[in-house]
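**Student:** Here the protein sequences come in this chain order: A and B. One rule links them: number in our numbering = place in the first sequence (from 1) + 949. One rule links them: number in our numbering = place in the second sequence (from 1) + 949. The C-beta atom is built at its ideal place from N, Cα and C for all residues, glycine as well. For clarity, every value in this text was computed on a predicted model and none was experimentally measured.
There are 2 protein chains.
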Amino acid sequence: MTALVSSAEPAQPTLRARRLGLHTQHQPVVVMHKDCHVCHSEGLAARAQVLVTSGGREVQATLFQVDSDAMVKHDEVGLSETAWNLLGVSEGEELRVSHPPALESLASVRRRIYGHRLDAQALSDIVRDVTAGRYTDVHLAAFLTASAALPLDENETADLTGAMIAVGDRMRWDAPIVVDKHCVGGLPGNRTTPIVVAIVAANGLVMPKTSSRAITSPAGTADTMETLAPVDLDLATLRRVVEAEGGCIAWGGGVHLSPADDIFVRVERELDVDTEGQLIASVLSKKISAGSTHVVIDIPVGPTAKVRGEDAASHLAARITAVAARFGLAATCVQTDGSQPVGRGIGPALEAFDVLAVLRNAPDAPDDLRRRAAMLAGAALEIGGKAGKGAGLALALDTLSDGRAWKKFEAICAAQGGLRTPPRAAHLHPLVAPRAGRVVHINNRKLARLAKLAGAPDAKAAGVHMEVRLGDEIDRGQPLVHIHAETPGELAYALDYAAQAGDMIEVEP
Amino acid sequence: MTALVSSAEPAQPTLRARRLGLHTQHQPVVVMHKDCHVCHSEGLAARAQVLVTSGGREVQATLFQVDSDAMVKHDEVGLSETAWNLLGVSEGEELRVSHPPALESLASVRRRIYGHRLDAQALSDIVRDVTAGRYTDVHLAAFLTASAALPLDENETADLTGAMIAVGDRMRWDAPIVVDKHCVGGLPGNRTTPIVVAIVAANGLVMPKTSSRAITSPAGTADTMETLAPVDLDLATLRRVVEAEGGCIAWGGGVHLSPADDIFVRVERELDVDTEGQLIASVLSKKISAGSTHVVIDIPVGPTAKVRGEDAASHLAARITAVAARFGLAATCVQTDGSQPVGRGIGPALEAFDVLAVLRNAPDAPDDLRRRAAMLAGAALEIGGKAGKGAGLALALDTLSDGRAWKKFEAICAAQGGLRTPPRAAHLHPLVAPRAGRVVHINNRKLARLAKLAGAPDAKAAGVHMEVRLGDEIDRGQPLVHIHAETPGELAYALDYAAQAGDMIEVEP
């Protein structure tokens, strides 16, 4: 049909920016007056998505409206801090507000919901719109749910990985070999990364480690490392740290590697859903963006770990290796014991204390964490050519015992901005054994939930400190764990959960 | 494990309510100061979900924070209009703010995402939490997407229907027979309901019609009827109208019948996804809550209608009839022609003018709308025992032509609060034929999208007015439709779409 458009271009009068000092987390929010002429001419209603532009920059935001002049005047747009910073405007600067363009990539999301596989183009369009902040929570949840209900196949996983790499920065290193390490998670306290990086870098390999924050766990490596040193490094700083020390332990989101991942992760956390395809795309997009050539992947297996059986672990390992290979990344997957938490701490700061104890060869350092880290570092030293087949573990243990790993870790922390002392929680509370006997089962999931209710990972000092391990003989009334919380409220939520969750640690008479 | 809770009950200091006059649509929002002692003691961060309680009432809201005293002081809670009205507080009244309880029903949503069917208890827990406003957009979208990816089976559909009935009010009528009517939608302009109700009630049957607003279409019956009379009736008013006139045409959400439906509908609209299971639960929960004993269901079938083929229509009809039967509701499904829009108007007010023309026997009244409405009313008159088998259509047509239907419609509108004149749009624009020839295909979906971009259904006067029908012989440059918009901005969006959408109306030389 022929449309005679000329006559009807929309007027685009400008408005003035007003900073509200409103904190809305990631979500850009703008507040306009109900009687603002732009709301009238554009037909904008409360909670509509709007496109706000200033100079060359634009941001899509959720519109709220007010019916008095107290917050914003008729010709003003009140901006939340997120919107304010994304637009980079100054008080009173001119803005334009209009309807956002129609989101064509949602047609692909709908097709995916109804069971149609998506090709590389469709996934790249989706990831581009997601990264640009054009997807609402409803759209994001629909896409992630659809790719959980009908799991992403190998092609989709690879295409999603490629799309997530494409929208972010990409690092290049002079070294022929760049090693990396990752744990698929699900095992509380499994904080080997800082130790592995220290050992590997101390042996002269390049290991620019970027880690994520927790998705559904009480702590991610970035959350833990942040209690020991700054992890929110920009690309230049990260490069400087790695060139100086051979390694770093940084937050991936801070260097704009795979920025879409941080958006997906937020929604996955709210849903408490974490799927294989998203997991692989998340991990590999970050590794490949970071310029890694070789990666060691730790897959803990246990009845209450994320991966519950050897078959699932093998399937995951095969899928990871296959997708990684498409991008020229050599992945080595290692199945590890996932029957109980690693070390003693569960939660950012508590895990950091375990890491410090191992690196400093403290007499009471948790040996399980020490051996796991050495084993994974050994694998990295072998694929990196610093140790012969089977000789990696010994070299790694030596690097710990002779103090070179601790020296390297101190140097890396200094380069990242200075070694910090992790915070201690103000509120501690024991959970005690109801009877004497032997510890026969430990439920990782319930302990993780307990640590989260205590405030982890947002409350850095919060979490759970394990006082027993599988096989221990204990007395009635002996503490099984101590809950650490920063606020009485959070301690109470954790205790309420503990009271009704049933045995997290089973003691058999 | 044994928890020694006593020592750690959370302090629950009170705060004072402050009305912000902030319009956030359905979403309750509260604003608190970053340094508010409750935020500190409870560990509340921006965009957290919080439980706000006052007196006996409570509301779950999204928390935003400010870092200055301008909007709220340290001991104040700023409330959006939605939160303010749900709590029913007054300025300065005492409030408590805390973490909402853990949402156990989300475990069922996660199980459903991974392909496990849900039982009646699980669905009723979900619907209860949804109705209480405890689900975020992420949770709602995940549930709806999961029940689209793996379609609800008959048991789940029936259990969801039952759960949606249980959380709302339920109406009872003295009449042994209470008839109802519904169209599954997907056909623009198919606004038969007001006509059917008028005909059926004029013949002495009880027809307490409650309709929904548009889900993904440019207008729902409630949207259209609202331009002719008030439709937001409370239970008492609706009962009074029906007892006086035998029928009504009201908005279902206004009478708290199946309140969960209106929440699901909002998210389905944002996703532009509308599934069979949700459709059936939505329709039947409203019919059964309204106390209907018999219902006629219009299923338009056409290449660009919601239901594209006879097989799909038969499957839908069978599922509707089976689920309805479980609740003692007799459903009669009628397949109708869905090859082109019905009548001339697409959009609330434009469809209302068609309805008025038919009821008033205007010489230019759209005959297709007249015949459809009479056919459906005839079916209702037959199942209601007012006409013998096959005699319903004739009786319905007589009721229209002798003016009894119009009289009844006037009386119903008067009882609902007064007959209104639908609004006219300020901005009209034609789309003209690019060539002479015959109209061979009309795309319902593109025309519906066009009407929505023009502002329908929120802009009541907006939409599309059809100037041609299938088979018409037309000249080059002759108007095919006129776009009606209330604002220049919306007209421009519609025209932009028309310019790039390709033929909505195909003309063959």
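1) Determine the DSSP secondary structure at B:Pro1208, reduced to helix, strand or coil.
2) Check A:Val1427 in the structure and name its three-state DSSP category.
3) Do A:Leu1036 and A:Ser1003 come within 8 angstroms of each other at the CB atom, strictly closer than that value?
4) Indicate whether at least one CB of chain A lies closer than 8 angstroms to the CB of B:Asp1316.
5) Residues of chain B with CB under 9 angstroms from A:Ile1295, in chain order?
6) So what does DSSP say about A:Val1038, is it helix, strand or coil?
7) With distances taken between CB atoms, is the gap from B:Glu1439 to B:Gly1404 smaller than 8 angstroms?
8) Counting along the chain, where does the beta strand (DSSP E) carrying A:Asp1108 start and finish?
9) Would DSSP call A:Cys1197 helix, strand or coil?
10) What separation, rounded to the nearest whole angstrom, lies between the Cα atoms of B:Ala1168 and B:Asp1074?
11) Can you give the Cα-Cα distance for A:Ile1432 and A:Asp1452, rounded to whole angstroms?
12) Once you ignore the five residues that flank B:Met1020 on each side, which residues in its own chain have a CB closer than 8 angstroms to its CB?
13) Any Cβ of chain A within less than 8 angstroms of the Cβ of B:Ile1229?
14) Taking C-alpha atoms, which residue in B:Cys1362, B:Val1417, B:Pro1371, B:His1390 lies nearest to B:Val1381?
15) Tell me the residue span of the beta strand (DSSP E) that contains B:Cys985.
16) Give every residue of the same chain whose Cβ lies closer than 6 angstroms to the Cβ of B:Ser956, excluding the five residues on either side of it in the sequence, and list them in chain order.
17) Closest Cβ-Cβ distance between B:Gly1327 and chain A: below 8 angstroms?
18) Using three-state DSSP, classify A:Met1324 as helix, strand or coil.
19) Please determine if the stretch 1370-1390 of chain A and the stretch 1202-1214 of chain A are in contact, where contact requires at least 3 C-beta pairs separated by less than 8 angstroms.
20) Within a Cβ cutoff of 6 angstroms, which residues of the same chain sit near B:Leu1224, ignoring the five residues on either side of it in sequence?
21) Tell me which residues share the same chain as B:Lys1235 and place their Cβ nearer than 6 angstroms to its Cβ, disregarding the 5 neighbours each side in the sequence.
22) What are the boundary residues of the alpha helix (DSSP H) that includes B:Arg1418?
23) Alpha carbon to alpha carbon, how far is A:Arg1293 from B:Arg1119?
24) Between the C-alpha atoms of A:Glu1127 and A:Phe1276, what's the straight-line distance to the nearest angstrom?
25) Under the criterion of a Cβ to heavy atom distance below 7 angstroms, does B:Arg968 qualify as lining the ligand SAM?
26) Could you check what DSSP says for B:Thr1159 in three-state terms: helix, strand or coil?
27) Can you give me the C-alpha to C-alpha distance between B:Lys1401 and B:Leu1044, rounded to a whole angstrom?
28) May I have the straight-line CA-CA distance separating B:Val1389 from B:Pro1249, to the nearest angstrom?
29) Report all residues from its chain with a CB closer than 7 angstroms to the CB of B:His1414; omit the five preceding and five following residues, and keep chain order.
30) How would you call B:Tyr1063, buried or exposed, if buried means at least 16 neighbouring beta carbons within 10 angstroms?
31) Which bits of chain B does A:Met1156 rub up against, with CB to CB less than 8 angstroms?
32) Taking buried to mean at least 16 other C-beta atoms within 10 Å of its own C-beta, is B:Ala952 buried or exposed?
33) Could you check how far apart the C-beta atoms of A:Ala1306 and A:Asp1317 are, in whole angstroms? I think they sit under 8 angstroms.
34) So, does the stretch 1207-1223 of chain A touch the stretch 1176-1186 of chain A, judging by three or more C-beta pairs under 8 angstroms?
35) Taking 8 angstroms as the threshold (beta carbon to beta carbon), is B:Ala995 in contact with chain A?
36) Against B:Ser990, what residues of chain A qualify as contacts under a CB-to-CB distance less than 8 angstroms, listed in chain order?
**Tutor:** For this structure:
1) helix
2) Just to set this straight, residue 1427 of chain A is Gln in the shown sequence, not Val. DSSP places A:Gln1427 in coil when its eight states are reduced to three.
3) yes
4) no
5) Under the 9 angstroms cutoff, chain B gives no residues; its nearest Cβ is about 15 angstroms from A:Ile1295.
6) coil
7) yes
8) Taken as a continuous stretch (DSSP letters only), A:Asp1108 belongs to no beta strand (DSSP E), being part of the alpha helix (DSSP H) at 1103-1115.
9) strand
10) 31 angstroms
11) 15 angstroms
12) Leu969, Val980, Gly1027
13) no
14) B:Val1417
15) That residue, B:Cys985, is in no beta strand (DSSP E); it is neither H nor E in DSSP.
16) Residue confidence for B:Ser956 is low, a pLDDT of 37 falling below 50, so the modelled location carries little weight; the figure read from the coordinates is stated next. If we look at B:Ser956 and ignore the five residues flanking it on each side, it has no Cβ neighbours.
17) no
18) helix
19) no
20) Checking the sequence, you will find Thr at residue 1224 of chain B rather than Leu. Around B:Thr1224: Ala1097.
21) Thr1159, Gly1201, Leu1206, Ser1207
22) Note, B:Arg1418: premise wrong, no alpha helix (DSSP H); not H, not E.
23) 56 angstroms
24) Going by the sequence as given, residue 1127 of chain A is Val instead of Glu. Each residue's Cα considered, the two are about 14 angstroms apart.
25) This structure simply doesn't include the ligand SAM, nor any ligand for that matter.
26) strand
27) 41 angstroms
28) 19 angstroms
29) Arg1293, Gly1294, Leu1299, Val1430, His1431, His1433
30) exposed
31) Within chain B, no residue comes near A:Met1156; the closest Cβ sits about 33 angstroms away, beyond 8 angstroms.
32) For B:Ala952, the pLDDT reaches just 42, beneath the cut-off of 50, and the residue's location in the model is therefore unreliable, although a value from the coordinates is still provided. The residue is buried, with at least 16 neighbouring Cβ atoms inside 10 Å.
33) Rounded, the Cβ-Cβ distance is 12 angstroms, inconsistent with contact.
34) no
35) yes
36) Thr1436, Pro1437, Gly1438
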